[in-house]
Each structure stands twice: as structure tokens, then as C-alpha cells.
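Heads up, the thing below is written out as C-alpha cells.
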Amino acid sequence: MSAKLWLWVNQVAVDVPAGANVAAAVARAGAHFRRSCGGEPRAPLCGMGVCFECRVEIDGVAHRRACLVPAREGMRVRCDD
Amino acid sequence: MTDAHDALIDVLVVGAGPAGLAAARAAASHGAQVALVDLQARAGGQVWRPDVQRGIAPGLHRALAELERGVPVQWHLATQAFASAPGRLLIEQEQGLHELRYRSLVLATGARELLLPFPGWTLPGASGAGALQALVKQGWPIAGRRVLVAGSGPLLLAAAATLRAHGAQVLAICEQAPAASVRGFAVRLWRWPAKLAQAAALRTRLAGVPYRCGAWVRAAYGERKVSEVEIETARGLERIACDQLAVGYGLVPNLELARQLGCATVPHGRHAAVRVDARQATSVAGVYAAGEACGIGGIDCARIEGAIAGHHAAGFDDAARALYPRRQRARGFAALLPAHFTVRDEVRACATADTLVCRCEDVPLARLQGWADARAAKLATRCGMGSCQGRICGAALAELNAYPVSSDSAAGASLMRPPLFPTRLAELAQAGFSPADASASVASTSIASQGSTS
Ligand SMILES: Cc1cc2nc3c(=O)[nH]c(=O)nc-3n(C[C@H](O)[C@H](O)[C@H](O)COP(=O)(O)OP(=O)(O)OC[C@H]3O[C@@H](n4cnc5c(N)ncnc54)[C@H](O)[C@@H]3O)c2cc1C
Ligand code: FES
Numbered sequence: 001m002s003a004k005l006w007l008w009v010n011q012v013a014v015d016v017p018a019g020a021n022v023a024a025a026v027a028r029a030g031a032h033f034r035r036s037c038g039g040e041p042r043a044p045l046c047g048m049g050v051c052f053e054c055r056v057e058i059d060g061v062a063h064r065r066a067c068l069v070p071a072r073e074g075m076r077v078r079c080d081d
Numbered sequence: 001m002t003d004a005h006d007a008l009i010d011v012l013v014v015g016a017g018p019a020g021l022a023a024a025r026a027a028a029s030h031g032a033q034v035a036l037v038d039l040q041a042r043a044g045g046q047v048w049r050p051d052v053q054r055g056i057a058p059g060l061h062r063a064l065a066e067l068e069r070g071v072p073v074q075w076h077l078a079t080q081a082f083a084s085a086p087g088r089l090l091i092e093q094e095q096g097l098h099e100l101r102y103r104s105l106v107l108a109t110g111a112r113e114l115l116l117p118f119p120g121w122t123l124p125g126a127s128g129a130g131a132l133q134a135l136v137k138q139g140w141p142i143a144g145r146r147v148l149v150a151g152s153g154p155l156l157l158a159a160a161a162t163l164r165a166h167g168a169q170v171l172a173i174c175e176q177a178p179a180a181s182v183r184g185f186a187v188r189l190w191r192w193p194a195k196l197a198q199a200a201a202l203r204t205r206l207a208g209v210p211y212r213c214g215a216w217v218r219a220a221y222g223e224r225k226v227s228e229v230e231i232e233t234a235r236g237l238e239r240i241a242c243d244q245l246a247v248g249y250g251l252v253p254n255l256e257l258a259r260q261l262g263c264a265t266v267p268h269g270r271h272a273a274v275r276v277d278a279r280q281a282t283s284v285a286g287v288y289a290a291g292e293a294c295g296i297g298g299i300d301c302a303r304i305e306g307a308i309a310g311h312h313a314a315g316f317d318d319a320a321r322a323l324y325p326r327r328q329r330a331r332g333f334a335a336l337l338p339a340h341f342t343v344r345d346e347v348r349a350c351a352t353a354d355t356l357v358c359r360c361e362d363v364p365l366a367r368l369q370g371w372a373d374a375r376a377a378k379l380a381t382r383c384g385m386g387s388c389q390g391r392i393c394g395a396a397l398a399e400l401n402a403y404p405v406s407s408d409s410a411a412g413a414s415l416m417r418p419p420l421f422p423t424r425l426a427e428l429a430q431a432g433f434s435p436a437d438a439s440a441s442v443a444s445t446s447i448a449s450q451g452s453t454s
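Chains as they are written, first to last, in the UniProt record's numbering: chain G, 1 to 81; chain Y, 1 to 454.
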């Protein structure tokens with residue numbers, strides 16, 4: 001767990017270990033993931049790509065499942081804050 | 001559509017977990033052209049998910065090394081198989097849609113956790129148990145956090161051990177099954193020495209963590225995130241303060257692709273599994289299935305069934321038959337699970353009238369009651385029409401016995417129209433694959449399959 005990489009979550013820089021996914025970066029930034037249609041904050045439920053509770057915007061593409069996308073250096077993540 | 005993927009693939013495998021990797025290896029060992037598709041960015045499936053701290057599991061390392069020794073396999077990772085028709089599979093990657101054409105297809109799509117609603121289950125900080133394990137293996141911050149693990153089945157122990165290895169303070173493991181039931185499971189394990197050894201190793205890794213049988217989560221509380229959990233035990237209600245709650249009630253097979261192809265299913269508890277014959281062949285010609293998709297059985301089942309499916313799919317029946325006795329043994333272990341970890345009625349009764357069952361469309365339990373069937377409920381409330389397309393609420397409702405899962409393949413297919421996952425319609429149109437086409441081909445496969453059932 002030596003290498004680290006940096007990415008942006010809601011314009012805040014966070015680091016994650018190499019091999020981490022975007023969900024880990026969002027959690028480390030302390031941000032919430034999406035907001036439900038009733039307006040409540042939601043966070044990952046299934047961890048494996050089936051529930052869609054972890055949806056965020058990644059590099060300008062909306063509705064990507066943060067649990068499925070590997071974190072990459074310099075990535076820009078936006079959550080529905 | 002690019003031409004890169006246009007060549008006809010002999011054996012196309014969906015799922016790169018233990019079952020899919022074994023199928024790929026078996027088929028490739030006979031010189032077949034094999035391609036592997038998986039939604040995850042890395043191979044390994046659920047049990048062999050690479051870990052940011054501990055790297056690649058030895059089992060995955062071996063499986064990949066064995067694959068490398070044979071004919072090269074075509075890899076499509078971070079790839080969703082989301083619509084299919086006989087001989088063709090539509091895949092979606094970051095770059096767009098492609099079509100793969102195949103002679104034989106092996107569905108090794110595995111399982112997901114059974115997640116049941118209770119008041120507070122939508123709060124951030126509450127997730128599945130295997131789910132939190134998967135997240136932590138990929139860098140989710142857990143060191144120093146207080147975690148309560150709950151639900152049912154042996155996966156709770158594996159999940160808790162991973163969390164602990166990453167520095168979590170595991171407060172307790174609450175197993176809803178009664179102690180006598182869990183003991184009954186443990187004493188039968190001697191027939192599977194590898195499982196026994198695994199259980200013993202887990203016990204050592206979890207030394208000091210209370211394992212409480214007959215205890216289940218009633219509700220979670222917190223302001224914007226979980227901070228306290230109410231559990232029920234024989235001695236009454238108890239409140240436990242924690243940072244993270246991980247609850248899973250075992251596993252249910254992933255059937256979307258199988259259903260869409262028109263593969264017949266069989267009842268699996270209150271859920272369903274792909275129906276296969278001794279050859280791991282489904283009711284649809286040229287389509288095989290292996291591993292958790294055929295019923296929850298764990299890694300040994302997955303590997304042996306994957307190998308059998310791969311040999312048959314490549315046309316090498318003798319190599320496959322030689323493995324049949326080992327499969328029988330592995331499935332014997334699988335049969336123990338439902339017998340000892342049945343979800344108790346009190347757990348099914350945890351959701352109250354205003355507990356959201358459909359998390360995508362925010363539909364509470366009260367609005368889901370009183371409809372003739374799942375379809376009527378869906379049309380009236382939008383339950384199951386959101387992003388997850390009923391993957392979470394469908395299994396929950398079946399477990400709550402609100403709307404049982406149909407094991408009739410035609411009904412299954414009509415509930416599971418392509419695209420399997422939400423995708424941009426424009427992309428579908430560009431691929432020349434309209435939703436109307438796709439459902440027409442689903443209908444014709446299910447009719448065709450009625451004649452070819454063995
Ligand atoms: C969250 C979770 C954690 C688990 N942890 C453990 C553990 O620690 N120890 C243990 O012994 N068992 C564990 N299990 C049990 C596990 O299911 C089996 O041990 C084993 O992984 C089953 O192998 P499989 O190949 O049948 O399925 P899986 O390993 O589940 O592999 C199926 C693969 O198919 C892919 N897939 C499914 N549908 C599609 C699609 N439409 N398109 C593309 N790809 C698709 C999935 O991404 C997945 O990688 C876990 C299960 C889950 C759900
Ligand atoms: S956590 Fe369920 S899809 Fe990402």
C-alpha cells in the first residue's frame with residue numbers, strides 16, 4: 001500500500017491508495033454520494049455495481065457508479081451535494 | 001460499432017469470478033477462442049476481489065497464471081453485458097457499445113447480497129456486509145471505525161475478518177439464526193475439510209469479536225448518517241452506537257442475463273436460480289451456466305461447475321464428465337446453507353409502513369401492499385422502475401413474500417426487458433439494437449427453448 005494517487009472530489013483534493021475506487025475517494029473526502037428523489041443523502045449499499053446508490057459525476061460524465069470505477073490520478077468527481 | 005470485436009468467439013464467458021475463470025480456462029485448454037466479460041475493472045469476482053492492502057488473492061493468482069499458459073483469452077473488463085439475443089451479446093464499455101458474436105455462452109454471473117429493508121436502512125453508513133467488505137478492499141476508510149456486522153450466513157465472518165484486517169473495530173457479529181441452527185451447521189462441516197479449515201482460520205482472525213446468534217437489526221438511527229443501531233435478541237431490545245452498519249442476509253443469484261435469454265429457472269428458496277442439466281446446459285441451446293447463478297454454493301461449486309461448463313461449451317464432453325463426482329460433493333455443502341440460515345419471520349417484519357422499499361423511487365412499504373402482482377405494483381408505484389431496475393427491491397419483496405419471484409421463464413423475461421442497465425437510448429439506436437427488437441427476440445427464444453429443454 002505504498003503508492004497513493006490524488007483526485008478531486010467536489011474540488012477538494014483527496015488521496016487514496018493505488019487500487020482504490022472512486023467510492024473510497026468520496027468517502028475519504030467526507031462527501032455524500034447522491035441525493036434521493038425525496039432529497040435524502042445516500043451512500044453505497046451493494047459495493048458491487050447493482051444498487052446505483054453510489055452514482056456521482058466523474059470527469060463530466062453523470063451517473064457513474066463510484067464503486068465500479070477505479071480512481072485515477074487527477075480525476076474530477078462531483079457529488080450531488 | 002468497431003470491428004475489433006467482430007470475430008466469432010467459440011466460448012464467450014460472462015463473469016470473471018471463480019466460475020467464469022474456470023470455464024475460460026477449460027475451454028481454452030482445448031484451443032477454443034475464448035472471451036471473458038466482467039462489469040468489474042479487475043478479474044476475480046466477489047471472493048477474489050483484489051485488496052489494496054493485501055493484493056491479489058493466491059487463488060486468483062493461480063487462476064490467472066493457468067489462463068496465461070493456454071491460448072490467449074480476449075478480455076473485456078469494466079464491461080457490462082446488458083442486452084442479448086441468440087448468438088450475440090451487447091456489451092457497454094466506457095467508449096460505447098459493441099456487439100460480440102459467439103457459438104457458446106457461459107453465464108457465470110454470480111450472486112448479489114440479499115438486502116432487506118428496515119427503518120433507517122437508507123441512511124449513509126448502512127450497507128450490505130459483503131458490500132462493505134468489497135468497498136474496504138478498494139480503499140474505503142475503515143481504520144478505527146466502529147462497525148456492527150449483522151444478517152445471516154458464513155459471509156458475515158469473512159466480511160468481518162476483512163474489516164478487522166483493515167483496522168476496523170468490529171463491535172459484534174449479529175447472526176439472526178438461532179444458536180442451535182448455527183451449531184448444526186458447524187458440526188456438519190467436517191465433511192468438507194477445506195471449509196472447516198477456513199472456518200477455523202476465520203475464528204482465529206476474529207478472536208475477541210462477539211458472535212451473537214439469534215440477534216438481528218431492527219432499526220438504524222442517525223442524523224444524515226448511521227450513529228446508533230437497535231438490535232433484537234432473546235433478551236429484548238438493545239441499542240449499540242456505531243459508525244458503520246453492515247447487514248446482509250446471504251446471497252441471491254444474478255439472473256438478469258439468463259432471464260433475458262429466456263433460460264428457464266428453478267425456485268431457490270424464495271428466489272430463483274438458472275436451471276441447468278448435468279452438463280451445466282441451460283434450457284436455451286448453446287447457453288451454459290455455472291457457479292452462484294445456478295444456486296448459492298460458494299467458491300468450490302463455482303470452480304468445478306465453471307470447468308464443467310467450459311469443457312462442454314468447447315465440445316469436450318469426456319473432460320467434463322470426469323469432473324461430475326467432484327461437483328456433487330461441492331453441491332452437498334451448498335445444500336447446508338439454506339437449511340441452517342433461513343431468514344426468520346421477525347426479520348421480514350422489520351420494515352414498517354413508511355420504510356422505503358424501493359430506494360431508487362422512494363416507494364414506502366405501505367404503497368406496495370394490496371396490488372394483484374409485482375407488475376401491477378410496479379406500474380402503480382414505479383417500484384423497480386428506477387436505476388437498479390428492481391435488483392434490490394425485487395429480491396427484498398420476494399423475501400418478504402409480497403410478490404414471489406416467478407420461476408416461469410416467459411414471465412421472467414417480460415419483467416427483464418433490455419437494456420439490463422439504464423443506458424443512453426441513442427447509443428442503442430446507434431448499435432442498431434432497438435428495445436423493441438430485443439424484446440421480440442427474447443420472446444422468440446423463450447418459445448424456442450420450450451422444445452429444447454432437456
Ligand atoms: C459482496 C460479496 C462478497 C463475498 N465475499 C466472499 C468471501 O469473502 N469469501 C467467500 O468464500 N465467498 C464470498 N462471496 C460468495 C461468492 O459469491 C462466491 O464465493 C464466489 O465468488 C462465487 O463465484 P462465481 O464465479 O459464481 O460468482 P462471482 O464471484 O460473483 O462472479 C460473478 C461475476 O460476474 C460479473 N457479472 C454479473 N453480471 C454481469 C453482467 N451483466 N455483465 C458483466 N459482468 C457481470 C460480476 O461483476 C462478477 O464479477 C461473496 C459474495 C458477495 C456477493
Ligand atoms: S454501491 Fe451499489 S452500485 Fe455502487
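Virtual Cβ for every residue (Gly too), placed ideally from N, Cα, C.
None of the values given here were measured: they were computed from a predicted structure.
- Excluding five sequence positions before and after Ile-56 (chain Y), the CB atoms of its chain that fall closer than 7 Å to its own CB belong to Pro-50, given in chain order.
- Of the other Cβ atoms in all chains shown, fewer than 16 fall within 10 Å of the Cβ of Tyr-324 (chain Y); this residue is therefore exposed.
- Residues of the segment 358-381 of chain Y with a C-beta atom less than 7 Å from some C-beta of chain G are Arg-359, Cys-360, Glu-361 and Asp-362, listed in chain order.
- Looking only at Y:Arg-88, Y:Leu-336 and Y:Ser-104, the smallest Cα-Cα distance to Leu-97 (chain Y) is reached by Y:Arg-88.
- Contact annotation for Val-52 (chain Y) against chain G: Met-1, Val-16, Pro-17, Ala-18, Gly-19, Ala-20 and Ala-24 [CB-CB distance below 9 Å, chain order].
- When Cβ-Cβ separations below 8 Å define contact, Cys-79 (chain G) makes no contact with chain Y.
- Here Trp-121 (chain Y) is buried. Its C-beta has 16 or more other C-beta atoms within 10 Å.
- Under the DSSP assignment, Pro-338 (chain Y) falls in the alpha helix (DSSP H) whose first and last residues are 324-340.
- Using a cutoff of 7 Å, the CB of Ala-126 (chain Y) does not count as near ligand 2, since none of the ligand's heavy atoms is closer than that.
- Within the same chain, Cβ atoms closer than 8 Å to the Cβ of Trp-48 (chain Y) are found at Gly-17, Pro-18, Ile-56, Ala-57, Gly-59, Leu-60 and Ala-63, the five residues on either side in sequence being excluded.
- Not one heavy atom of ligand 2 sits closer than 7 Å to the Cβ of Glu-399 (chain Y).
- At a cut-off of 8 Å between beta-carbon atoms, Trp-48 (chain Y) makes no contact with chain G.
- When the Cα atoms are used, Pro-193 (chain Y) and Glu-40 (chain G) turn out to be separated by approximately 47 Å.
- In this structure, the C-beta of Val-50 (chain G) approaches ligand 2 to less than 7 Å from one of its heavy atoms.
- Shown here, His-166 (chain Y) sits in coil according to DSSP, grouped into three states, outside any helix or strand.
- Gln-169 (chain Y) and Ala-43 (chain G) have their C-alpha atoms some 21 Å from each other.
- Spatial neighbours of Gly-214 (chain Y) in its own chain (CB-CB distance under 8 Å, excluding positions within 5 residues in sequence) are listed in chain order as Glu-175, Gln-176, Ala-177, Pro-178, Ala-179, Thr-233 and Ala-234.
- In this structure Gly-15 (chain Y) does not touch Val-71 (chain Y) by the C-beta definition: roughly 20 Å separates them, more than the 8 Å allowed.
- Note on the segment 131-181 of chain Y: whole beta strand (DSSP E) runs with a minimum of 3 residues are 146-151 and 169-175, in chain order.
- Look at Pro-253 (chain Y) here: in three-state DSSP terms it is strand.
- For Glu-113 (chain Y), the uninterrupted beta strand (DSSP E) run begins and ends at 111-113, by DSSP.
- Straight-line spacing of the CA atoms in Arg-205 (chain Y) and Ala-380 (chain Y) works out to 49 Å.
- Residue contact check for Met-75 (chain G) against chain Y: no CB pair falls below 8 Å.
- With the criterion set as a beta carbon lying under 8 Å from some beta carbon of chain G, the members of the segment 135-149 of chain Y are Leu-135, Gln-138, Gly-139, Trp-140 and Pro-141, in sequence order.
- By the C-beta density criterion, Cys-37 (chain G) is exposed, having fewer than 16 other C-beta atoms within 10 angstroms.
- In terms of Cα proximity to Gln-328 (chain Y), the closest of Y:His-311, Y:Gly-310, Y:Leu-337 and Y:Cys-301 is Y:Cys-301.
- Taking 8 Å as the threshold, the shortest C-beta distance from Gly-15 (chain Y) to chain G does not fall below it.
- The DSSP-derived three-state label of Trp-6 (chain G) is strand.
- Using a CB distance cut-off of 8 Å, Gly-60 (chain G) does not count as an interface residue toward chain Y.
- The continuous beta strand (DSSP E) containing Gln-244 (chain Y) extends over residues 244-248.
- Taking C-beta atoms as the reference points, Arg-212 (chain Y) and Ile-240 (chain Y) fail to come closer than 8 Å.
- In terms of beta-carbon proximity, Ser-387 (chain Y) lines the interface with chain G, with at least one pair separated by less than 8 Å.
- Secondary structure at Gln-80 (chain Y): strand, using DSSP grouped into helix, strand and coil.
- Taking 3 residues as the shortest admissible run, the segment 265-306 of chain Y contains the following complete beta strand (DSSP E) segments, listed from N- to C-terminal end: 265-268, 271-274 and 287-289.
- Of the residues G:Phe-52, G:Arg-64 and G:Val-26, the one whose Cα lies closest to the Cα of Trp-8 (chain G) is G:Val-26.
- Inter-segment contact for the segment 4-18 of chain G and the segment 335-355 of chain Y is absent: fewer than three beta-carbon pairs are separated by less than 8 Å.
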